[in-house]
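Only one structure is covered here, and it is reproduced in the block below.
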Amino acid sequence: MSANQESLVSRFPAGGVAAVTAPCPAPSGDALSLEHISHSFDTVTAARDINLSVEPEELLCLLGPSGCGKTTLLRFAAGLERPQQGRVRIGSQVMSDSHTSAWTPPEQRHVGLVFQDAVLFPHLSVLENVGFGLPKLSPKERDQRSRALLAQLGLAPFAESYPHVLSGGQQQRVALARALATSPRIMLLDEPFSGLDARLRDRIRDDTLHLLKRNGTATLLVTHDPEEALFMADRIAVMRDGMIVQQGSPTDIYCNPQDPFVVRFFGDVNELRGVVVDGRVDTPLGPIEAKHLPDGAPVQVLIRPEALSIEKLAGPKDHTRSHVLMSRLLSGASFIHLCVHQGNDEYHMHAHMPGVFLPDRNDPIAIHLDPSQAFIFPL
Ligand SMILES: Nc1ncnc2c1ncn2[C@@H]1O[C@H](COP(=O)(O)OP(=O)(O)OP(=O)(O)O)[C@@H](O)[C@H]1O
């Protein structure tokens, strides 16, 4: 957590939850929009003319490597930082505008914030932590709302417990319930699952997704984990070096990547080079169509391991043809290292096969390519 986040937490001691300060008008249009946002820290450009919006009830994942500027954008939305250029709106209301110097402080933005580390009041019970941001409700209403949220997250038995007896995952769920209790106009989640071990993380992601969807809460989730983005998002915006490289539905981003960076960011790829001839590129796996590129263009060919389907050929082990180097079982798939031959050249490639498929070293193979998982970009 940064110093500024900590200072917000101390201003909102409920651990980053902005308390309800006034009734809020229903948002119109987008729940959140960042318009032409640019910002530099000394020599680092964290945002370059960013345009991004979150629709009502939408869960948008901002996905990118460490240092690309994700948290900075979330901080602009929360009001923890003021962008040097551009405008931030929540619903129809302008929160900050570099042209007019308009500025709404964080505590009046009516956002829910959850960071990597849940910061709960140690001296308040779980129920009191969740109800902390609801001073305007009667004690009975506050109790009902808090208990209903705790029940949705499977935390009802812990309502009277104190935070120190909860596990990290349970504390994170209390932080989520507390942020949601105020019915924020938008939830801003900054890597909220990254401090949890893998199994717990999967469960809490699942709980969180259902909770946000049941409550119809517009959400901006920052993550560096592509699996998490695919699991959680209605829409993904992929970010690199302060820019949005591509945004679209998870299927669109995964199946129609517009940039080699996007392909590589989603995992292991086999990389080849070639030249377009008659609208095709010749590869060791056969020709691949490249009608969108001019003849003679040098290209890179990126092929996902799951695009390769392996067939074991009959006959003795043979390392002079395409063959298996090694195979390993992963959870839910088999990972096969291949030596692929083309003329006198050899290529080391990876294939994923569903289930248990573990051919032996030097087994001769045929390789079938699914061209929809092969992407060609100009060099
Ligand atoms: N207050 C600051 N002062 C100086 N540089 C900053 C400040 N805040 C962020 N930066 C720099 O701006 C860039 C973007 O940072 P940001 O935290 O937004 O990235 P990120 O994508 O969220 O990374 P991570 O996933 O590691 O948190 C980084 O190079 C970072 O070092």
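According to UniProt numbering, the stretch in the sequence shown is residues 1 to 379, in order.
Positions of the beta carbon are idealized from the N, C-alpha and C atoms, including for glycine.
beta-carbon residue i near ligand 2 non-hydrogen atom, thresh 7 Å
i	result
Asp-42	Looking for ligand 2 in the displayed structure turns up nothing; the ligands present are ligand 1.
Candidates the options, of which the one nearest residue i by Cα
i	options	result
Val-356	Thr-320, Leu-73, Gln-93, Ile-310	Ile-310
Ser-327	Arg-361, Asp-318, Leu-308	Arg-361
residue 403	Gln-342, Gly-131, Tyr-254	The shown model of the chain, from 1 to 379, leaves out residue 403, and the question about it has no answer.
Arg-75	Leu-34, Ser-101, Glu-58, His-99	Leu-34
Ser-334	Val-54, Leu-358, Tyr-347	Leu-358
Leu-127	Gly-91, Gln-93, Gln-171	Gln-171
Thr-104	Ile-236, Pro-122, Ser-125, Ala-77	Ala-77
Leu-52	Gly-279, Gln-246, Asp-197	Gln-246
Asp-295	Asp-282, Pro-305, Glu-306, Glu-271	Asp-282
His-319	Glu-107, Glu-346, Ala-297, Pro-305	Glu-346
Gly-315	Pro-298, Asp-225, Ser-138, Ala-366	Ala-366
Gly-242	Asp-197, Gly-168, Val-54, Pro-65	Pro-65
Ala-46	Leu-196, Gln-84, Phe-266, Pro-371	Gln-84
Pro-226	Ser-194, Leu-200, Leu-212	Ser-194
Gly-169	Phe-158, Gly-279, Gln-300, Arg-201	Arg-201
Glu-58	Glu-289, Asp-234, Ala-118, Arg-205	Asp-234
Arg-82	Thr-100, Gly-91, Cys-68, Gly-67	Thr-100
Ser-92	Gly-29, Pro-122, Asp-42	Gly-29
Asp-190	Ser-331, Ile-336, Ala-229, Glu-306	Ala-229
Gln-258	His-292, Thr-182, Phe-231	His-292
His-352	Gly-343, His-337, Asn-344	His-337
Check whether residue i and residue j have beta carbons under 8 Å apart
i	j	result
Leu-369	Leu-302	no
Val-276	Ile-186	no
Leu-176	Thr-223	no
Leu-149	Leu-188	no
Gly-86	Ser-98	yes
Asp-49	Ser-40	no
Val-174	Asn-215	no
Cys-339	Leu-329	no
Leu-73	Leu-60	no
Asp-143	Gly-131	yes
Leu-211	Leu-166	no
Pro-157	Pro-122	no
Backbone secondary structure at residue i - three-state DSSP
i	result
His-368	strand
Asn-35	Looking at the sequence shown, residue 35 is not Asn but Glu. Strand at Glu-35.
Asp-360	coil
Asp-41	Reading off the sequence shown, one finds Phe at residue 41, where the question assumed Asp. Three-state DSSP puts Phe-41 in a strand.
Ser-66	coil
Ala-314	coil
Tyr-347	strand
Gly-112	strand
Asp-143	helix
Thr-219	strand
Phe-193	coil
His-224	coil
Asn-256	coil
Glu-81	coil
His-337	strand
Arg-185	coil
Glu-306	helix
Gly-332	coil
Asp-295	coil
Residues of its chain near residue i, where Cβ-Cβ distance is below 7 Å and the 5 sequence neighbours each way are ignored
i	result
Arg-321	His-341, Pro-364
Met-95	Gly-79, Val-88, Arg-89, Thr-104, Arg-109
Gln-300	Pro-260, Glu-271, Arg-273, Phe-377, Leu-379
Close beta carbons around residue i, own chain, < 8 Å, minus the five adjacent residues each side
i	result
Lys-317	His-323, Asp-360, Arg-361, Asn-362, Asp-363, Pro-364
Ile-244	Ile-50, Asn-51, Leu-52, Ala-237, Val-238
Pro-23	Unreliable placement is indicated for Pro-23, whose pLDDT of 37 sits below 50; no coordinate value is reported for it.
Other residues of its chain near residue i: CB distance less than 6 Å, five sequence neighbours each side excluded
i	result
Pro-192	Val-114
Pro-371	Ile-288
Proximity test, Cβ basis, 8 Å: residue i and chain C
i	result
Gln-172	Chain labels in this structure do not include chain C; a single protein chain is all it has.
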